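Worksheet for the structure shown next.
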Amino acid sequence: MRRTSLWLTLSMVAATTSAAATSPFPTVVARPAAPPDPALEAASAAVATFAADDGAAPDEDDAEEDDDGVDPESELLDGGVAAVDGHRYSADLSDEQLKELWAKRPEQLGSLSVGFTESGSQLNAVQFPTEGGPWLVVNPHEAWGAKETIDYVVAAAQQVADRMPGGPPLRVNDISKKDGGWLRPHKSHQSGRDVDLGLFYPDNAKCSKAREKCMDVARNWALVRALVTTGDVQMLLVDKRIQASLYEHALSIGEDKGWLDSLFHGPEPLLKHASRHRDHFHVRYYAPRSQELGRRVQPLLAMRPEHNLMLHRIRSGDSLGKIASKYGTTVNALKKANGMKNTFLRAGRTLRIPLRGPCTSCPVPPPVVVPPRRLPPDMLTTDKPTPLTAVTAPPAPVLVAVAQPVAGPAG
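Written out as structure tokens, the structure reads:
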């Protein structure tokens, strides 16, 4: 089911380094920046040659596929979630404390992921670091995400580099814009929880569209393994032909078949086919604290009119007058909110719509419930996986977000 409803967006300055340091938020322990690796720097140039091609045009084979009208990126495809009493991932903040912080010091809330991945926004987003690790950020201006997203990708990239040293950097493509909202040309990537990661290739590889025939299958499997074991992955989209190569390789090196089948097959696999995903991984994470705080802050948006906004995507035939009439505002208010000097509109652009009170029609996502990570047998040494996170020292008590078992998969 394709989502066409409108959604509110937030427009704020992202949390600074100092703000992040005092944010009441669990964070992955980052390793000190290593000295420049000549091999890594040389590989970066080779990797960049693939960046121009990835996602530039759909595969001809993909265009002919029948996906039964189902959009694999839609978060609305997820099944129901178990009922949740109270706040599971932000219980250190009472409703009164949250209200006070939102009114006076919203930057201290840390990152907030608001709404759905295909109709949402984010606040206090964290920019993916451009230096200090085995990765290459293709477009830093579109590499903003929830703090969990950034931490999880950093941890996965570092694990691959540690286990297979001397290879090329992980190419980090689009995540979200600083304030979230629609990011051309994606259907999702709006709330800081989606990230596109390039495939790994051997040195001097010459690839056609059949990337599964030329990719570095061992390193790409190491990446998938790292992603699903170091972070709370909600789903991982990649072409079925890439999946087949990864599954066959993982089985050949002795990975547990039952575990692999839980990732690739069955009623609720983590890896799912998506056309036009033959050259990259699309990873969607749970961001439990960011999502829960975003959900809790929604009724408070009217307290800060500058952030009490909706998004309207301009379509053919729209005019400022029609849009203003639809939302009960004025042409001048629309021009001011969007920094417009004239009334010219371009189809596809997103307009910010200022609201005069609480949004009564904005969809609210269900309470977030993070299922246990799907770990291989060799990592299941205890009833609960050892978390790869540590808590910073904030000025207020902190509740570390830990995944809890639920009755069924969350999608």
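In my numbering, the protein residues as written are 11 to 421.
Beta carbons are placed, not taken as given, at the ideal position from N, Cα and C, and that holds for glycine.
Remember, predicted model here, so these are calculated numbers, not experimental data.
Asked                                                                                                          : Found
Reference A135, options S300, Y337, V380, L355, closest by Cα                                                  : S300
Integer-rounded CB distance, given that P375 should sit under 8 angstroms from W269                            : Actually they are not in contact, since the Cβ atoms of W269 and P375 sit about 30 angstroms apart, beyond 8 angstroms.
Where H287 falls, given that 16 or more other Cβ within 10 Å makes a residue buried                            : buried
Assigned secondary structure, S121 (DSSP; H/G/I helix, E/B strand, else coil)                                  : coil
Neighbour-count burial assignment, P275, 16 or more Cβ in a 10 Å radius                                        : Per the sequence shown, residue 275 should be read as His rather than Pro. Exposed, by the Cβ-count rule.
Separation of L122 from A232, as counted between CA atoms                                                      : 30 angstroms
Test item: CB-CB of Q244 and Y296 under 7 angstroms                                                            : yes
Coil, strand or helix - V136 by DSSP                                                                           : strand
DSSP state of D105 mapped onto helix, strand, coil                                                             : helix
Identified DSSP bridge partners for G241                                                                       : Answer is none; G241 lacks a bridge partner.
C-alpha gap between E128 and V307, whole angstroms                                                             : 19 angstroms
Inter-residue spacing [alpha-carbon to alpha-carbon] between F138 and A215                                     : 27 angstroms
Residue closest to P381, alpha-carbon to alpha-carbon, out of D242, T353, K267, V163                           : D242
Inter-stretch contact at 8 angstroms, needing at least 3 Cβ pairs: the region 145-152 / the region 104-114     : no
Cβ neighbour criterion (16 or more within 10 Å) applied to D105                                                : exposed
Those runs of the beta strand (DSSP E) which lie wholly inside the region 261-319 and span at least 3 residues : 290-295
Nearest residue (CA-CA) to P212, options C224, K219, P195                                                      : C224
Per-residue burial, L256 [other beta carbons within 10 Å of its own, 16 or more giving buried]                 : buried
Burial state of T140 (16 or more Cβ within 10 Å)                                                               : exposed
Rounded straight-line distance, which links the Cα of G120 to that of L103                                     : 12 angstroms
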